[in-house]
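Everything on this sheet refers to the single structure shown next.
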Amino acid sequence: MRTAADAGDAATLLAAVPAGRRVALVDPRFVGHVHALRLGLTDPRFPAATVPGALTAQPEARGALLRALHRTAAAVGAGAPVVEPDADPAPEDRTVPGRIAVALEAEGIAVQRPALGSLVAAVPTDPEQQAAAEADLASVDDEAVRLRTAVKAHDGFFTTYCISPYSRYIARWCARRNLTPNQVTTASLITALIAAGSAATGTRGGYVAAGILLLVSFVLDCTDGQLARYSLQYSTMGAWLDATFDRAKEYAYYAGLAIGAVRGGDDVWALALGAMVLQACRHVVDFSFNEANHDAVANTSPTAALSDKLDNVGWTVWVRRMIVLPIGERWAMIAVLTALTTPRIVFYALLIGCSLAACYTTAGRLLRSLTRRASRTDRAAQALADLADSGPLAQAVAKVAPGLPGAFTAPAVALLGTLVMIGGALFLPYGSPLTVAAAAVYVVLSGLAVARPLKGALDWLVPPFFRAAEYVTILVLAARSDVPHAVPAAFGLVSAVAYHHYDTVYRIRGGTGAPPQWLVRTIGGHEGRTALVVVLAAVLTHTSGFTTALTALAVAVALVVLVESIRFWVSSSAPAVHDEGELA
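Sequential numbering from 146 applies to the sequence shown in this note's numbering.
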């Protein structure tokens, strides 16, 4: 820490700090809570941030900060008031840090201004203001606010009332022992994998232990985010781990239940894969709708207006959050049913519950889309195209095919292709050349669906239709093959592909764009993989070679996707983010 006499002196001192380090300016008259300063000066996610009387800049904003300081020193002189002669700035902008924040924004630097709520951050200029600020400071418990704000504002009912009341204190315990969110996230994954192993024993004791361990894993899963918010330890690696481990834990647990059921004489692998497919399709509906409307111009939907009104009625908020069966409610249901019933009942409950939740959320989004007048942006259209995951075959069709006219053409064509593909897999003779013909039709229709920019009101349905076509086709063909271990191999393949799709989503959410085109081409795109599995089923009809082929394909996709994903999240300039919303 160094004390500067004026803006010019501050510029000199900051220029001597190594270029790769974060720097901060704090007005010596600052009165406020420590956590207010922590929010303003230590959050790593933003190039610059400010609270009244204090400002911080990351290395990428250091140049603009020094230029602003030099201009301030030249404009006002040493010790002169830092106020523009013709301006009436807010009180916090009359200080040097406040004025510098305005200057940074004028240069195009995004300056984060965290909401402080009841926390105090002020720069009093007379004894009366000083006394008032100190009284406000004494009236608010800084640590209580810090604990309260460590919890997400929009968690589900189970998480809010059954986990967060004590998990926030676990987060504080971890912070005081210098544990990181990534360590807690890893502990949550390990606990879930042990739970899956316990379920795989197929014994009642194993199922009880699995249910308990799954709940412990979920407590740790909540704790890692609360620890990140409590100690402001956001990181790129943390964003990647948090985004992917929940899915890895849930799907590993499904596999553990399926293995345990087989040991007990009940083969539920098809149900386990069905539950995974349904959950993944639910998520892509969420992602696709949100990306389509992320920066939509205007929102005039009466359905959205009704939803906003219901948000003001407390009990409806919790009912609607529970209906969608978010991760807290879902994991609690899985844990209890595992301990008390059988894996088959667990999967039946999951399939029924998630189906009802999918119908509810999708119906609401359809109504919003049909009743709103909004202009989709180029960014939204690109995001939907990336989520579609079209490979070389569909892209080739899209290049030569004319874009079909009509506001609802793209989702209609995608739906038709999905029905043709799933219908062929379900109802045509297994291994028939007609199924291969259905796959060819699906490839053509997939290309036609994305031949024009996806800017229609319902074009966000295109990626979910493609996900359903690919995942369900793999499930149906593996189940119909009557080949030993074909469905577990299909489970592995869908897991690898689903990881690729989740990775795509979180890259887009982070503002870094979708995975590179070479990756999509290498793993074939949704239509290429679907067609390949159909051909393999036709060529390797009712032979163990089909299981071997599915396993090899799963391993190949997983290796390519994981290596590229790890390289990107660990070594790239991906943003340090932390998901504040609870995934359904």
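Each residue gets a CB set at the ideal place from its N, CA and C atoms; glycine is no exception.
Residue of the options minimising C-alpha distance to residue i
i	options	result
I357	L365, A340, R349	A340
V464	L359, L210, G301	G301
E250	R427, A209, T270, L282	A209
L561	G551, S591, V581, G548	S591
W512	A602, D411, G670	Note that residue 512 is Leu in the sequence shown, not Trp. Per the Cα distances, A602.
A420	I335, A502, M566	A502
D627	D412, T506, Y616	D412
Y644	V700, V607, V621	V700
Y352	I404, A388, T331	I404
A149	P163, A169, A164	A169
R521	R212, L496, A552	A552
A526	A546, A555, C367	A555
Y375	A635, W318, H439	W318
A634	S689, R654, F610, T580	S689
R475	V708, A388, F492	F492
W414	S710, F611, L571, L620	L620
A92	V171, D151, R207	The shown model of the chain, from 146 to 729, leaves out residue 92, and the question about it has no answer.
A393	D366, A213, R322, A152	D366
Extent of the continuous beta strand (DSSP E) run through residue i
i	result
L200	199 to 202
T195	193 to 196
Own chain partners of residue i with C-beta closer than 8 Å, once the 5 adjacent residues on each side are dropped
i	result
V290	H178, H180, G262, S263, L264
T649	D531, L532, D534, A659, P660
S716	none
D523	P598
A683	G576, S577, P578, T580, V581
A585	A676
Three-state secondary structure (DSSP) of residue i
i	result
Q328	helix
P226	In this prediction, P226 has a pLDDT of 44, which is less than 50 and means its spatial position is unreliable; nothing more can be read from the coordinates.
S577	coil
L295	According to the sequence shown, residue 295 is Ala rather than Leu. Coil, per DSSP.
V265	coil
V730	Because the chain here runs from 146 to 729, residue 730 falls outside it and cannot be looked at.
L599	coil
V705	helix
V628	coil
V241	helix
S535	coil
P290	Reading off the sequence, residue 290 comes out as Val, not Pro. Correct three-state label for V290: helix.
V469	coil
Residues near residue i by beta carbon distance below 6 Å, same chain, minus five either side
i	result
A747	A query on residue 747 cannot be resolved here, the shown segment of the chain reaching from 146 to 729 and no further.
P226	Reliability fails at P226, whose pLDDT of 44 lies under 50, so the model's placement of it is uncertain and the value that follows must be treated cautiously. Closer than 6 Å at the Cβ level, and outside the excluded window around P226, lies no residue.
L538	V588, E672, G673
D233	Caution is warranted here: a pLDDT of 48 is assigned to D233, below 50, making its placement in the model unreliable, and the coordinate value is therefore given only provisionally. Taken in chain order, the list of residues that qualify is empty.
Q275	P269
K600	R521, A526
Host alpha helix (DSSP H) of residue i (start-end)
i	result
L170	Where L170 is concerned, there is no enclosing alpha helix (DSSP H), although the beta strand (DSSP E) it sits in stretches over 168 to 171.
C426	414 to 437
M566	554 to 572
Q371	349 to 376
W385	381 to 408
S309	309 to 321
H646	631 to 654
W730	As displayed, the chain neither begins before 146 nor continues past 729, which places residue 730 out of reach and without an answer.
V679	670 to 684
V162	No alpha helix (DSSP H) holds V162; DSSP gives it neither H nor E.
T663	Residue identity check: residue 663 is Trp in the sequence provided, not Thr. 662 to 667 is the span of the alpha helix (DSSP H), which, as asked, contains W663.
Y306	No alpha helix (DSSP H) holds Y306; DSSP gives it neither H nor E.
T507	488 to 516
R183	179 to 186
Chain-order list of residues whose beta-carbon lies under 7 Å from that of residue i (same chain, five-residue window excluded)
i	result
A480	G356, L359, L360
R371	Correcting the residue identity first, residue 371 is Gln in this sequence and not Arg. Excluding positions up to five away in sequence, the list reads A295, V296, S312, R313, A316.
A631	A623, F691, T692, L695
A142	A question about residue 142 goes unanswered here, because the residues of the chain that appear run from 146 up to 729.
R147	L158
L515	A602
Distance between beta carbons of residue j and residue i, contact taken as under 8 Å
i	j	result
A397	A437	Not confirmed; about 31 Å, so no contact.
V705	T667	6 Å
A278	V176	4 Å
P242	T195	6 Å
A193	A202	5 Å
A508	I567	At roughly 21 Å, the Cβ-Cβ gap does not stay under 8 Å, so A508 and I567 are not in contact.
Y616	V422	4 Å
C-beta neighbour in chain C for residue i, strict 8 Å
i	result
A155	The displayed structure is made up of one protein chain only, and chain C is not part of it.
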